[in-house]
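Worksheet for the structure shown next.
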Amino acid sequence: MPADFSLLRADFPVLHQTLAGGRPLVYLDNAATTHKPRAVIDALSRFYERDNSNVHRGLHALSMRATDSYGAARARVAKFINAADPAEIIFTRGTTEGVNLVAQSWCAANLKPGDVVLLTEMEHHSNLVPWQLAAHRVGATLRFVPIVGDNAELGLDLDALDRLLTPQVKIFAFTHISNTLGVTNNVADLCARARRVGALTLVDAAQSAGHEPLDVRALGCDFLVFSGHKMAGPTGIGVLYGRRALLDTLPPWQGGGGMIANVDWQESTWKPAPERFEAGTPNVADAIGLHAAMDYLDTLGRPAIAAHDGTLASCAAVALAEIPGIRLLGPRPGSPRAGLVSFALKDAHAHDVVTFADQDGIALRGGHHCNQPLMRKLGLPSTVRASFYLYNTEAEIVTLAASLRRIQKFFGGA
Amino acid sequence: MPADFSLLRADFPVLHQTLAGGRPLVYLDNAATTHKPRAVIDALSRFYERDNSNVHRGLHALSMRATDSYGAARARVAKFINAADPAEIIFTRGTTEGVNLVAQSWCAANLKPGDVVLLTEMEHHSNLVPWQLAAHRVGATLRFVPIVGDNAELGLDLDALDRLLTPQVKIFAFTHISNTLGVTNNVADLCARARRVGALTLVDAAQSAGHEPLDVRALGCDFLVFSGHKMAGPTGIGVLYGRRALLDTLPPWQGGGGMIANVDWQESTWKPAPERFEAGTPNVADAIGLHAAMDYLDTLGRPAIAAHDGTLASCAAVALAEIPGIRLLGPRPGSPRAGLVSFALKDAHAHDVVTFADQDGIALRGGHHCNQPLMRKLGLPSTVRASFYLYNTEAEIVTLAASLRRIQKFFGGA
Amino acid sequence: MSDFDDLYRDIILDHNRRPRNRRRLPTANRVVTADNPTCGDNCTVYLRVEGGRIAEISFEGSSCAISQASTSIMTSQLKGKTVAEAEAAFAKFKNVVTTGRAPEDEPEQAAFAGVHAFPARIKCATLGWHAALEALQQPDQPPPAS
Amino acid sequence: MSDFDDLYRDIILDHNRRPRNRRRLPTANRVVTADNPTCGDNCTVYLRVEGGRIAEISFEGSSCAISQASTSIMTSQLKGKTVAEAEAAFAKFKNVVTTGRAPEDEPEQAAFAGVHAFPARIKCATLGWHAALEALQQPDQPPPAS
Ligand SMILES: Cc1ncc(COP(=O)(O)O)c(C=O)c1O
Ligand SMILES: Cc1ncc(COP(=O)(O)O)c(C=O)c1O
């Protein structure tokens, strides 16, 4: 049975505060980062209070406990996304580092001048800029699957995708859920299309990993990346999944302790994955915190979380569509959408909206959402985004809608 | 007045545990990682319970608090090492990532075939392998300042250093304190010698940052790196210091959100340091935890900590020197040494020593200490290392010495 | 909402709704665009400098109310000023938005005193000023292509 | 210290102090070195395989007591065995060190049952075995250069 989501708020200490002016916190900035349940905060403290130690190289009691816990976190991630083998799980700082790792290590070993890296027009800077850096280095070309549809229902142009998927495309990197539009891409379908031309795939699951079930084998992707802090876990930890056979062919990216087999003055050899890609002391405590976050999410059930977040976002879209002068992006109000709503008010700039809403205790995000070229294409300098997670409620949407109406009046009036 | 160090043990929850067999924990693996005081653990919890939010791009209350706290942590690091400007402080995962950042970004922009990267024979793999990767990429050469002296008093060969410091040397990277030998290098002197031939310097302060005062301007280094987890701070956070004028000339290493000025489909431009080098959501919570750790250390006073750790290590060296069949590395017993002792027992392999000591509740480290080529040069497959921090006591050294005597008898007897 | 009302004074809302000098200046001999990379906002300032004085000044760009209003007010304040006078005016304005202390002799600048309670918005308030001051440092340029 | 005594049985200490077959084998036609990158230990196993059987076997290398003793015992156990028999023996040994269940018919292998309580040491106990089994899979080589 899915839990009663309104009861969950008790698990999140941060929600129980009143802001300046006595207003309760209405946190709708979950696409930027989510809050952490007590279970995650306690897992961190517990590690430092009982088991703190370096991993891998230790033979004493604490070091063995820390090594076991770190290994258990890796195995838990493998189970969380149904990877075949814990060795396919590399801990990173977050989504951004995972993309950079693949863009630098894989591209250096595999990309030749004239090759194409295919992206989409809805990528976050973190799944765009690393490919620019890597492609420029080898003289490869970046191409983009365009977004089509009117502003109220934007999506990838699949016909254009098939035309763009030439044999020159060596890797296709795309987001699962757009953090700006709230559009969900059909990952399995996109991976299958890429596979037909022999292109590898990297999926940016930053916006989906904490919201819906992920099965890397069913999706058929080669790489998948996400961030712990966007799924109720700590900051500073994230995951790169890579197919085992592929990881073992990649050269290391960073060098240092823990990733070497043998070091000589001039040359070294490497351990296999995952160690090869985890140079230096890893972020042990936060990996253990992420473990607790995955347990927390799976106790609720990710299908229930996805339903909850999607329902709230749909409600919000319907409620907001009524506000005069609003322009909603992404799926049409009434159609299914991921857990966020992005919009612009005719008379109020995004920053002014966010500052105003903040005075009502509402945390929103305004700006380009790390998606500058897309915003330019849409002809919008910026949008406001409300994004939802398991602890949000319908009452908070009512508060949001009322606040937006006052804003529209404040800036549009006179 | 320096605190009574034995009272500090109350600040470290992890120390108050009994291990299997009812023995109290004697933690002497501080060079691998140190424990965290209550103040650090609480700073992490407090952040997640009150202020948790993403930084940089937010205009709502929590985001402004998180941004302020993250900025304050950066400013605190600048003060901690007397950097001229908080913009010279880049947060990394740890020492290893800091070295990789410089080795990849600086070398790609500045190193040409035939140039020399100068290291020493006492570098940790983390300050060796990144330079191998970077030098091979551009066809530069690695050279090593040799270690001289008999096994009981090893140090850098300064005459050889001056011969090696040719105008071909573009950067000289060396450790402040050797994690294997306990030798302390004279950083200011080494930097001055390098400067004479126009070489830049990178100082690996992993083993010193938590133990003694550091003043990057007095030392005259160009880059300096260290890890939070080795100085009472959390795992997953570290620091790269770089001179401002230098940082602003470096190309970015990782791409992504937060480090860009302007992004277009094919090209982007970058923010200045430090943002340029911090792509993606940073490890906000652990930067704040590191802030608490620096405050904790400076309340005690780093000169007092250095004296405490050094005294313990000297006592340990004297006590251990009495044990039959022991071979001590590093400074002669009786001479000043950094807070660690590295040794080998004639009849017992390092692993067996560590396993035996663990049964006595003592946490030691055995192996190559991420220093394989040095161990080969010294003709030792591995050593045992006892390393001290502010919460260790003389009584623990007595326990250690007694345990080592029993080990020697156990394996040497019959 | 006292902080908020303080941030959005009537004078700011007025300049936001009806910005002064918001246009391209075909006769400009200095043009600088300033970006706020944090949010993607930008502001282009056009100047015609003659004999060390700002003969004409205008701006374009997309940005928030604080930025629009402060740039609008800046253009009306800097017209006719020398470089030194413009720098002094900016120093005064920066002081207002960082300290919150409102100068009695400058009601238009004083309207921005509320910004100091919103540190993340200080960049918005100074975006146009930065562009103008940078333009004043530059050599004369040919007029902007149309 | 019961776990510990269990780990370092007399038979292990004896083989550590006086390892059997610890030497270079000039007539070897298979040589494999296994490394434990975690600690820097290594073990080189020399085999002379004749007609599908291990005619001679020896080892060298620097490693801990567990590793020395298990390799020493391994060499005495594998001498004269076929590939299939060697693989079966290793499977049995692996079972001992991972489960701690001691086979009654193999007192020398049984001595390693205590290893299972020290998971980090399992690699030590199997280092020499891995080298030997890998060598058995290889084609014949010329004898090692001296
Ligand atoms: C001298 C030295 N340099 C570098 C490192 C690497 O530090 P980290 O593993 O925290 O990146 C260490 C510790 O492991 C060290 O002792
Ligand atoms: C779709 C998407 N990709 C990538 C990222 C970058 O994630 P992080 O900043 O945690 O590395 C984000 C969030 O900022 C995102 O929403």
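First to last, the sequence lines map onto chains X, A, L and B. Be aware that the first sequence starts at 761, since it is given in this note's numbering, and climbs by one per residue. Be aware that the second sequence starts at 761, since it is given in this note's numbering, and climbs by one per residue. Be aware that the third sequence starts at 148, since it is given in this note's numbering, and climbs by one per residue. Be aware that the fourth sequence starts at 148, since it is given in this note's numbering, and climbs by one per residue. Each residue gets a CB set at the ideal place from its N, CA and C atoms; glycine is no exception.
According to DSSP, is ILE1218/A part of a helix, a strand, or is it coil?
One cannot answer for residue 1218/A here, as it falls past the ends of chain A, which runs 761 to 1174.
Using a Cβ-based criterion (distance less than 7 Å to any ligand heavy atom), does LYS1185/X qualify as near ligand 1?
Past the boundaries of the shown model lies residue 1185/X; chain X is included only from 761 to 1174, so the question cannot be answered.
Under three-state DSSP, which class holds LEU1134/X?
Mapped onto the first sequence, residue 1134/X falls at position 374. LEU1134/X: helix per DSSP, three-state reduction.
Reducing DSSP to helix, strand and coil, say where VAL1023/X ends up.
As a working note, residue 1023/X is residue 263 in the first sequence. VAL1023/X sits in a strand when the DSSP states are folded into three classes.
Which residues of chain B have a Cβ atom closer than 8 Å to the Cβ of ASN1022/X, listed in chain order?
Position 262 of the first sequence, counted from the start, is the residue given in the question as residue 1022/X. Those within 8 Å of ASN1022/X in chain B are ASP182, PRO184.
What are the boundary residues of the alpha helix (DSSP H) that ASP157/L is part of?
For the purposes of this step, residue 157/L is taken as residue 10 along the third sequence, with counting starting at 1. Run containing ASP157/L: 157 to 164, per the alpha helix (DSSP H) assignment.
Please confirm whether any heavy atom of ligand 1 lies closer than 7 Å to the CB of ASN242/B.
As a position in the fourth sequence, residue 242/B is number 95, starting the count at 1. No, Cβ of ASN242/B sits at least 7 Å from all heavy atoms of ligand 1.
For GLU1035/A, which residues of its own chain have a beta-carbon under 7 Å away from its beta-carbon, when the five flanking residues on both sides are left out?
In the second sequence, residue 1035/A corresponds to position 275, counting from 1. The residues are GLY1018, MET1019.
PRO1032/A, buried or exposed, once every other Cβ within 10 Å from all chains shown has been counted against 16:
Numbered from 1 along the second sequence, position 272 holds the residue referred to as residue 1032/A. Counting C-beta atoms within 10 angstroms of its own C-beta, PRO1032/A has fewer than 16 neighbours from the protein chains shown and is therefore classed as exposed.
May I ask whether a heavy atom of ligand 2 can be found less than 7 Å away from the beta carbon of ASN790/X?
Along the first sequence, one-based indexing puts residue 790/X at 30. Not under cutoff, so the answer is no.
Within chain L, partners of ARG1135/X - CB distance below 8 Å:
As a first step, residue 1135/X is located in the first sequence; it is residue number 375 there, counting from the start. The displayed chain sequence assigns Met, not Arg, to residue 1135/X. Contact annotation for MET1135/X against chain L: GLY187 [CB-CB distance below 8 Å, chain order].
For SER938/A, does the three-state DSSP call read helix, strand or coil?
Taking the second sequence and counting its residues from 1, one reaches residue 938/A at position 178. Here SER938/A sits in coil by DSSP.
Just to confirm the assignment: which complete beta strand (DSSP E) runs, minimum length 3, are found wholly within the region 1025 to 1074 of chain A?
For the region 1025 to 1074 of chain A, the full-length beta strand (DSSP E) segments reaching 3 residues or more read 1028 to 1030 along the chain.
On the DSSP bridge list, what partners appear for ILE204/L?
The sequence position of residue 204/L within the third sequence is 57, counting from 1. Residue pairing by DSSP puts ILE204/L in a beta bridge opposite LEU194/L.
The region 951 to 967 of chain A contacting the region 801 to 810 of chain A, beta-carbon criterion three pairs below 8 Å
Because the criterion of three Cβ pairs below 8 Å is not met, the region 951 to 967 of chain A and the region 801 to 810 of chain A do not touch.
Contacts of MET824/X in chain B (Cβ-Cβ under 9 Å)
Walking along the first sequence from the start, residue 824/X turns up at place 64. Below the 9 Å Cβ cutoff, chain B contributes PHE265, PRO266, ALA267 as neighbours of MET824/X, in chain order.
Check whether the Cβ of ASN887/X sits closer than 7 Å to any heavy atom of ligand 2, and report yes or no.
For the purposes of this step, residue 887/X is taken as residue 127 along the first sequence, with counting starting at 1. Yes, since a heavy atom of ligand 2 falls inside the 7 Å radius drawn around the Cβ of ASN887/X.
Whole-angstrom distance between ILE1122/A and LEU1160/A, CA atom to CA atom:
Counted from its first residue, the second sequence places residue 1160/A at position 400. Counted from its first residue, the second sequence places residue 1122/A at position 362. Rounded to whole angstroms, the gap between the alpha carbons of LEU1160/A and ILE1122/A is 7 Å.
Partner residues on chain B for PRO1141/A, Cβ-Cβ distance less than 7 Å:
For this step, residue 1141/A is matched to residue 381 along the second sequence. Ordered by position in chain B, the residues that pass the 7 Å Cβ test against PRO1141/A are GLY187, ASP188, SER209.
Could you round the C-beta distance between ALA821/A and ASP1118/X to whole angstroms and report it? I think they count as a contact, below 8 Å.
Taking the second sequence and counting its residues from 1, one reaches residue 821/A at position 61. Taking the first sequence and counting its residues from 1, one reaches residue 1118/X at position 358. 6 Å between Cβ atoms; contact.
Determine the chain L residues that contact LYS872/A at a beta-carbon separation under 7 Å, and present them in chain order.
Sequence index remark: in the second sequence, residue 872/A carries index 112 (1-based). Neighbours of LYS872/A on chain L: none; closest Cβ ~32 Å, over 7 Å.
Using C-beta distances below 6 Å, list every residue in its chain close to ASP917/A, excluding the 5 sequence neighbours before and after it, in chain order.
In the second sequence, residue 917/A corresponds to position 157, counting from 1. For ASP917/A, same chain residues with a beta-carbon under 6 Å away, outside a window of 5 residues either side, are PRO906, VAL908 in chain order.
With hydrogens ignored, establish whether the beta-carbon of ASP964/A is closer than 7 Å to any heavy atom of ligand 1.
Here the question's residue 964/A lines up with position 204 in the second sequence. Within 7 Å of the C-beta of ASP964/A there is at least one heavy atom belonging to ligand 1.
Near ligand 2: ASN812/A beta-carbon under 7 Å from a heavy atom:
Translated into the one-based positions of the second sequence, residue 812/A becomes position 52. Flag unset: Cβ of ASN812/A not near ligand 2.
PRO873/A bridges to which residues according to DSSP?
As a first step, residue 873/A is located in the second sequence; it is residue number 113 there, counting from the start. None; PRO873/A has no bridge partner.
When the distance is taken between beta carbons, is ASN176/L closer than 8 Å to ARG164/L?
Indexing the third sequence from 1 puts residue 164/L at position 17. Indexing the third sequence from 1 puts residue 176/L at position 29. Result no, Cβ atoms of ARG164/L and ASN176/L do not sit closer than 8 Å.
Within the region 1134 to 1172 of chain A, ranges of the alpha helix (DSSP H) (whole runs, at least 4 residues)
Segments of the alpha helix (DSSP H) lying fully in the region 1134 to 1172 of chain A: 1154 to 1172.
Where the alpha helix (DSSP H) through SER219/B begins and ends
If you number the fourth sequence from 1, residue 219/B lands on position 72. Taken as a continuous stretch (DSSP letters only), the alpha helix (DSSP H) holding SER219/B covers 212 to 225.
Under three-state DSSP, which class holds ILE1183/A?
Given that chain A is displayed from residue 761 to residue 1174, the structure contains no residue 1183/A and the question cannot be resolved.
Selection from PHE1171/A, GLN1168/A, ILE1167/A, ALA1155/A that minimises the alpha carbon distance to SER1189/A:
Since the first and last residues shown for chain A are 761 and 1174, residue 1189/A lies out of range.
Could you tell me the distance, in whole angstroms, from the CA atom of ALA1104/X to the CA atom of PRO1042/A?
On the first sequence, residue 1104/X is found 344 positions in, with the first residue counted as 1. On the second sequence, residue 1042/A is found 282 positions in, with the first residue counted as 1. Near 28 Å, if we compare the C-alpha coordinates of PRO1042/A and ALA1104/X.
Going by the CB atoms, is the gap between SER205/B and CYS190/B shorter than 8 Å?
Counting from 1 along the fourth sequence, the entry for residue 190/B is found at position 43. Counting from 1 along the fourth sequence, the entry for residue 205/B is found at position 58. It is not a contact, given that the beta carbons lie outside the stated cut-off.
Cβ pair SER1208/X, VAL859/X closer than 8 Å
Chain X is shown only over 761 to 1174; residue 1208/X falls outside these bounds and no answer can be derived.
PHE934/A at chain B interface by Cβ criterion, 8 Å:
Position 174 of the second sequence, counting from 1, holds the residue named residue 934/A. Using a CB distance cut-off of 8 Å, PHE934/A does not count as an interface residue toward chain B.
Taking C-alpha atoms, which residue in LEU1080/X, PHE1171/X, ARG1062/X lies nearest to HIS1111/X?
The residue you call residue 1111/X lines up with position 351 of the first sequence. The candidate whose alpha carbon is nearest that of HIS1111/X is PHE1171/X.
At a cut of 8 Å, does the region 989 to 1003 of chain A reach the region 838 to 850 of chain A through at least three beta carbon pairs?
Output reads yes: the region 838 to 850 of chain A touches the region 989 to 1003 of chain A.
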